[in-house]
């Protein structure tokens, strides 16, 4: 059996009782470590779960997943994923391959940022489509997420912006070498995201959204040290919201009175 | 301290380890029993959690919540909510009142249908705004959710339709009497939702969506006996998907190849 188990968002104890029981009976447990992170490291999880965890980075998930799935034909293998296990396309693909191989699967759901974002008081059913904001480089400044934010905004819907993370990314130089070298992990902050957004807005003054629009910054949602802050997008460029992960929300222009009351407590 | 604890979607073991530890130390534990249901009853939960649960129906949540919150000033009180605790407006309102009273709060997130719907293979970031489909009566047939579905569809986004549930609703006759009488609980099926939608589409032939569009029926998401089925909306009117809860998804007209592959396995 192949188990895809969501770990939730905070620390080791955010796993469900069902998920923990499965881990304890598994022959091998992998920890997916490149689409998101918890606030605690691998060692804390191993201590709490009482078993060793094998790190599954992007290379493993994309290149040797077939070997793992085939192993799951006769053994119990789990892959632990931060948040809900079906948040990322990679895992849907894995399940299709498992089916192809005749491997039985079980999914154990958990909270993900896609629903826990409601902690800021904005109602989930007022969110439009979610966007991802990638790190810009000197030469690559994609902005395909921007029309989606505007589309939501003009329909009076909130937008959850997931911010880029880079974990175990090979350096450009090492791509042509035999020995891979990796960049330090980096996680986009709400300030960096706001800067990129303000730049796009300044280049598109008639898009229908202004840099003085409201923005909600969230960090470490679901953890004890979770932080929420509300200010204009313009001001958010200077916001220091502590350690990762960060998420940004662009609220609809007209809020429900209850949403407004709730946000007000976080207004800077 | 006032704890709002999500129970997830399936059975007693879908609670998080953190949530379970909090329950065990609480002085009083309420179970919210009108916005959603688990696949198991109150007794199973009490047995697994090892403590008695007080049923919190709509009347209690809306009229005597202040008493409960004030009690939480000096005691540890938990309110258990199916899914994620912040899925419904009621609970956001509760948290604002708690703040007003100076009561400390903690939220324990969990999976909700809003993220677990990804089990059908449709990607969460391709969902537009969520809608609720209410039961129609002879004289009340609201369709304000329909333009939202069409709006998502025309922007090539999926729509999650949450289907109405009626738990402990007073009968019309009893509203004027001193003794309240309650209707039997009822839960909208995907077939009932599809019938209402087809009727609206037939009344709005130029809306931009056809009754032969694809529909995904889901029942008991997150439970062992979860079912997923894919057929046209027209056909969904005759679909029997077993016991509640049901949810319906109207997928975007143009699917990602991976989404299409995944849905195909459920095609009737």
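Protein chains in written order, with the numbering used here: chain D, 1202 to 1469; chain C, 1202 to 1469.
Built from N, CA and C at the ideal position, the CB exists for glycine as well.
Just so it is clear, the structure is predicted and the values come from calculations on it, not from any experiment.
Note to self: Tell me the rounded alpha-carbon separation between residue 1315 of chain C and residue 1289 of chain C.
What the structure shows: Each residue's alpha carbon lies about 11 Å from the other.
Notebook entry, point to check: At least one CB of chain C closer than 9 Å to the CB of residue 1240 of chain D: is that the case?
Noted result: no
Notebook entry, point to check: In angstroms, rounded to a whole number, what distance separates the CA positions of residue 1403 of chain D and residue 1412 of chain D?
Noted result: 8 Å
Check: In three-state DSSP terms, what is residue 1348 of chain C?
Finding: helix
Margin query: Just to confirm, is the Cβ distance from residue 1473 of chain D to residue 1310 of chain D under 9 Å?
Written below: With chain D represented from 1202 up to 1469, any question about residue 1473 of chain D goes unanswered, as that position is not in the structure.
Item checked: Beta-carbon gap between residue 1279 of chain C and residue 1230 of chain C smaller than 9 Å -> yes
Notebook entry, point to check: If you measure from the beta carbon of residue 1259 of chain D to each beta carbon in chain C, is any gap under 9 Å?
Noted result: no
Note to self: Less than 6 Å between C-beta atoms, sequence neighbours within five positions excluded: which residues of the same chain meet that for residue 1445 of chain D?
What the structure shows: 1388
Notebook entry, point to check: Is it true that the CB of residue 1221 of chain D sits closer than 9 Å to the CB of residue 1250 of chain D?
Noted result: Taking 9 Å as the Cβ cut-off, residue 1250 of chain D and residue 1221 of chain D qualify as a contacting pair.
Check: For residue 1486 of chain C, which three-state DSSP category applies?
Finding: Summary: the structure shown does not reach residue 1486 of chain C, with chain C confined to residues 1202 through 1469, and so no result is reported for it.
Notebook entry, point to check: For residue 1425 of chain D, does the count of other Cβ atoms within 10 angstroms reach 16, so buried, or fall short, so exposed?
Noted result: exposed
Notebook entry, point to check: Got a sec: which bits of the stretch 1209-1229 of chain C sit with their beta carbon under 9 Å from any beta carbon on chain D, in order along the chain?
Noted result: Contacts with chain D (Cβ-Cβ distance below 9 Å) from the stretch 1209-1229 of chain C involve 1209, 1210, 1211, 1212, 1213, 1214, 1215, 1216, 1217, 1218, 1219, 1220, 1221, 1222, listed in chain order.
Next item on the list: Report yes or no: do three or more beta-carbon pairs, one from the stretch 1211-1228 of chain D and one from the stretch 1343-1350 of chain D, lie closer than 8 Å?
Entry: no
Next item on the list: Could you spell out where the beta strand (DSSP E) holding residue 1360 of chain D opens and where it closes?
Entry: 1360-1364
Margin query: Under 9 Å, Cβ to Cβ, is there at least one residue of chain C near residue 1290 of chain D?
Written below: The beta-carbon of residue 1290 of chain D is placed less than 9 Å from the nearest beta-carbon of chain C.
Check: How about residue 1308 of chain C and residue 1325 of chain C: do their beta carbons lie closer than 9 Å?
Finding: no
Next item on the list: Output the distance between the C-alpha atoms of residue 1304 of chain C and residue 1271 of chain C, rounded to the nearest integer angstrom.
Entry: Rounded to the nearest angstrom, the two C-alpha atoms are 7 Å apart.
Check: What in chain D is Cβ-close to residue 1308 of chain C, meaning under 7 Å?
Finding: 1320
Notebook entry, point to check: Going by beta carbon distance, what residues of the same chain come within less than 8 Å of residue 1396 of chain D, once the five residues before and after it are set aside?
Noted result: 1438
Item checked: Nearest-angstrom Cβ-Cβ length linking residue 1264 of chain D and residue 1284 of chain D, presumed shorter than 8 Å -> Not really, about 23 Å apart at Cβ, beyond 8 Å.
Next item on the list: Whole angstroms is fine: what's the gap from residue 1459 of chain C's alpha carbon to residue 1429 of chain C's?
Entry: 17 Å
Next item on the list: Following the continuous alpha helix (DSSP H) through residue 1310 of chain D, name the residue where it begins and the one where it ends.
Entry: It is not in any alpha helix (DSSP H) - residue 1310 of chain D carries neither H nor E in the DSSP assignment.
Next item on the list: Using a cut-off of 7 Å between C-beta atoms, extract the partners of residue 1275 of chain C located in chain D.
Entry: What residue 1275 of chain C touches in chain D: nothing, since even the nearest Cβ is about 22 Å away.
Margin query: Relative to the C-alpha of residue 1409 of chain D, which candidate in D:1468, D:1352, D:1461, D:1234 has its C-alpha closest?
Written below: D:1352
Checklist line | residue 1389 of chain D, DSSP secondary structure in three states | finding: coil
Note to self: My output table needs one value for residue 1237 of chain C: the three-state DSSP class, helix, strand or coil.
What the structure shows: In the structure shown, residue 1237 of chain C sits in coil (DSSP, three-state: anything other than H, G, I, E or B).
Notebook entry, point to check: Distance, Cα to Cα, residue 1245 of chain C vs residue 1252 of chain D?
Noted result: Going by the C-alpha atoms only, they are around 29 Å apart.
Margin query: Tell me the rounded alpha-carbon separation between residue 1317 of chain C and residue 1369 of chain C.
Written below: 26 Å
Note to self: Give me the subset of the stretch 1435-1457 of chain D whose CB atoms are less than 7 Å from a CB atom of chain C, sorted by chain position.
What the structure shows: none
Item checked: Closer than 9 Å to chain C by CB, residue 1460 of chain D -> yes
Next item on the list: Can you say whether residue 1441 of chain D is buried or exposed, counting buried as having 16 or more other CB atoms within 10 angstroms of its CB?
Entry: exposed
Next item on the list: Sort out for me which residues DSSP pairs residue 1430 of chain C with in a bridge.
Entry: Answer by DSSP bridge pairing, in chain order: C:1418.
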